[in-house]
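One structure below.
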Amino acid sequence: MSKSIPLPLLVALALSFGLGIDEDRPSVRPAGPIVRLTRDGLDKQRPSWAPDGNRLLFARHETGGSQIWEYVLDVRSASSPARRLTDRKAPEYNGAFSPDGKRVVFTAITLSGTQGNLDLAVIDADGSGLKTVVADQGKLAHQDWPSWSPDGQRFAFSSTHDGNQEIYTAKADGSDLLRLTQSPGLDAHPCWSPDGKAVAFATDRWEGLELAAVRPDGTGLQRLTRSPGLDDYPAYSPDGARLAFVSNRDGQFEVYLAEADGSAPRNLSQHPLRDSFPTWTPDGQGITYVSNRDGGFDVYTQPLPPAQ
Numbered sequence: 007m008s009k010s011i012p013l014p015l016l017v018a019l020a021l022s023f024g025l026g027i028d029e030d031r032p033s034v035r036p037a038g039p040i041v042r043l044t045r046d047g048l049d050k051q052r053p054s055w056a057p058d059g060n061r062l063l064f065a066r067h068e069t070g071g072s073q074i075w076e077y078v079l080d081v082r083s084a085s086s087p088a089r090r091l092t093d094r095k096a097p098e099y100n101g102a103f104s105p106d107g108k109r110v111v112f113t114a115i116t117l118s119g120t121q122g123n124l125d126l127a128v129i130d131a132d133g134s135g136l137k138t139v140v141a142d143q144g145k146l147a148h149q150d151w152p153s154w155s156p157d158g159q160r161f162a163f164s165s166t167h168d169g170n171q172e173i174y175t176a177k178a179d180g181s182d183l184l185r186l187t188q189s190p191g192l193d194a195h196p197c198w199s200p201d202g203k204a205v206a207f208a209t210d211r212w213e214g215l216e217l218a219a220v221r222p223d224g225t226g227l228q229r230l231t232r233s234p235g236l237d238d239y240p241a242y243s244p245d246g247a248r249l250a251f252v253s254n255r256d257g258q259f260e261v262y263l264a265e266a267d268g269s270a271p272r273n274l275s276q277h278p279l280r281d282s283f284p285t286w287t288p289d290g291q292g293i294t295y296v297s298n299r300d301g302g303f304d305v306y307t308q309p310l311p312p313a314q
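Straight run, no breaks: the sequence shown in the working numbering ends on number 314.
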């Protein structure tokens, strides 16, 4: 049984937060008011829930936008401030809690001469035990957007260390590197399915930007979306039945829901401003995303109706 905070309680904890529901066109109707979880207005990216539903990880741009750092928010108290995850001086972002909530893997910028290298690091959820696990392989490379396997033994990520940006997996300690994609185009933002049988990602191999999935051994490539716009940032629901993602197929970036195979896409966030970086609440009852609907870029959770 999930230990995450039920969405009605999450709403109660945030009674003073801004609400925002656009009633202009048909789409997925919220099951309740949209909950605003942060209020500072600073640019944020990739929220990630701990499996207990009590902690929310996200990156926040600071110092005039030149620095990005990971923060953890305890949602059990509406007055609890977000705290820094590390004491690093260099930027870090795109973190994700491990399935057991004990570790966080994230992208850490390190300097190589005058250039910034993107490495992957793992740290205990209490901020101790920081360790770089994937770095450049003898030449400057970028590793980004790590996503844990459901058993916590591996993570998927994108990397340019073979030249082109492809999808890879590695063990939690960074060993046993396995390349999943082979494309002259761009492959990015992987997400592991809850049953461990697929890794969804964004790709431009069919022009534009679409979603695709591949098995963890690199076989069985499947195209998931066909859009006149850009589809990105896939996120599987906890039961693996649905996929949340970002698309501008309606003219602006919104959060969409589809079946796990990409069929039946429908607009969830339906707001005239920008919505991005979707992730599911651990109980599968809502989608958390970043939006600038109240002026700055803050984190919101939108409750969902039961799956049809």
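C-beta atoms are modelled at their ideal positions from N, C-alpha and C, and glycine is treated no differently.
For the beta strand (DSSP E) that contains residue i, what are its first and last residues?
| i | result |
| --- | --- |
| arginine 66 | 61 to 68 |
| tryptophan 55 | 50 to 55 |
| alanine 3 | Beyond the ends of the chain as shown, which are 7 and 314, falls residue 3; an answer cannot be given. |
| glycine 101 | 98 to 103 |
| tryptophan 198 | 193 to 198 |
| serine 165 | 160 to 165 |
| alanine 208 | 205 to 209 |
| leucine 183 | Per DSSP, leucine 183 belongs to no beta strand (DSSP E) and is neither H nor E. |
| leucine 91 | Counting along the chain, leucine 91 falls outside any beta strand (DSSP E), and DSSP gives it neither H nor E. |
| valine 261 | 260 to 265 |
Indicate the three-state DSSP secondary structure (helix, strand or coil) for residue i in the structure shown.
| i | result |
| --- | --- |
| glutamate 76 | strand |
| leucine 19 | Because the pLDDT of leucine 19 is 38, which lies under 50, any placement of that residue in the model is unreliable, and the number read from its coordinates should be weighed accordingly. It is helical. |
| alanine 178 | coil |
| lysine 137 | strand |
| glycine 302 | coil |
| glutamine 188 | coil |
| leucine 124 | strand |
| glutamine 291 | coil |
| proline 149 | For the sequence presented, residue 149 should be read as glutamine rather than proline. Reduced to three states, the DSSP call for glutamine 149 is strand. |
| asparagine 2 | Beyond the ends of the chain as shown, which are 7 and 314, falls residue 2; an answer cannot be given. |
| tryptophan 286 | strand |
| proline 309 | strand |
| glutamate 213 | coil |
| glutamine 228 | strand |
| aspartate 58 | coil |
| serine 297 | strand |
| threonine 44 | coil |
| leucine 236 | strand |
| proline 12 | Low confidence applies here, because proline 12 scores a pLDDT of 45, under 50, leaving its location unreliable and the question unanswered by this model. |
| aspartate 281 | strand |
| alanine 218 | strand |
| arginine 109 | strand |
| aspartate 320 | Residue numbering for the chain in the displayed model covers 7 to 314; residue 320 lies beyond these limits and cannot be assessed. |
| arginine 272 | strand |
Give me, in chain order, the residues of the same chain whose beta-carbon lies closer than 8 angstroms to that of residue i; leave out the 5 immediate sequence neighbours on both sides.
| i | result |
| --- | --- |
| serine 189 | Asn170, Glu172, Thr209, Arg211 |
| serine 10 | A caution first: serine 10 carries a pLDDT of 45, below 50, which makes its placement in the model too unreliable to give a value. |
| glycine 107 | Ala56, Pro57, Asp58, Arg61, Ala131 |
| glutamate 216 | Ala208, Thr209, Asp210, Arg229, Leu230, Thr231, Arg232, Ser233, Asp237 |
| arginine 248 | Tyr242, Leu263, Ala264, Glu265, Ala266, Ala313 |
| aspartate 30 | Residue confidence is low: aspartate 30 scores 37 on pLDDT, short of 50, so the model does not pin down where it sits. Its coordinate-derived value is still stated next. Only Gln276 meet the Cβ criterion. |
Among the residues of its own chain, which have a CB less than 6 angstroms from the CB of residue i, if the five just before and after it don't count?
| i | result |
| --- | --- |
| aspartate 28 | For aspartate 28, the predicted structure reports a pLDDT of 32, less than 50, and the residue's modelled location is therefore unreliable. A value from the coordinates is still provided. Excluding positions up to five away in sequence, the list reads Gln276, His277. |
| arginine 160 | Thr175, Lys177 |
| serine 199 | Tyr242, Gly246 |
| leucine 279 | Asn298, Arg299 |
| phenylalanine 259 | Val252, Arg280, Ser282 |
| serine 86 | Asp80 |
| alanine 88 | Tyr77, Leu79 |
| isoleucine 74 | Ala65, His67, Pro97, Tyr99 |
| serine 104 | Trp154, Gly158 |
For the putative contact between residue i and residue j, defined by C-beta atoms under 8 angstroms, what is the C-beta separation to the nearest angstrom?
| i | j | result |
| --- | --- | --- |
| valine 140 | aspartate 125 | 6 angstroms |
| phenylalanine 5 | aspartate 49 | Absent from the model: residue 5. The displayed extent of the chain is 7 to 314, so no value can be given. |
| tyrosine 99 | alanine 65 | 4 angstroms |
By Cβ distance below 7 angstroms, which residues in the same chain neighbour residue i in space, the five residues on each side in sequence not counted?
| i | result |
| --- | --- |
| glycine 133 | Leu91, Thr92 |
| aspartate 193 | Ser164, Gln171, Glu172, Ile173, Thr187, Phe207, Thr209 |
| asparagine 254 | Gly235, Leu236 |
| aspartate 182 | Ala176 |
| aspartate 142 | Asn123, His167 |
| leucine 136 | Thr92, Ala127, Ile129 |
| leucine 25 | Unreliable placement is indicated for leucine 25, whose pLDDT of 28 sits below 50; the coordinate value is still reported in the next sentence. For leucine 25, where only same-chain residues beyond five positions count, the Cβ hits under 7 angstroms are Pro39, Ile40. |
| valine 261 | Ala250, Val252, Leu274, Ser275, Asp281, Pro284, Ile293, Tyr295 |
| glycine 191 | Thr209, Asp210, Arg211 |
| alanine 219 | Ala204, Val205, Ala206, Gln228, Leu230 |
| glycine 226 | Val220 |
At least 3 beta-carbon pairs within less than 8 angstroms: the region 125 to 133 vs the region 102 to 112: Verdict: yes, contact present.
Touching by the beta-carbon criterion (3+ pairs, under 8 angstroms), the region 264 to 274 and the region 38 to 49: These segments do not touch.
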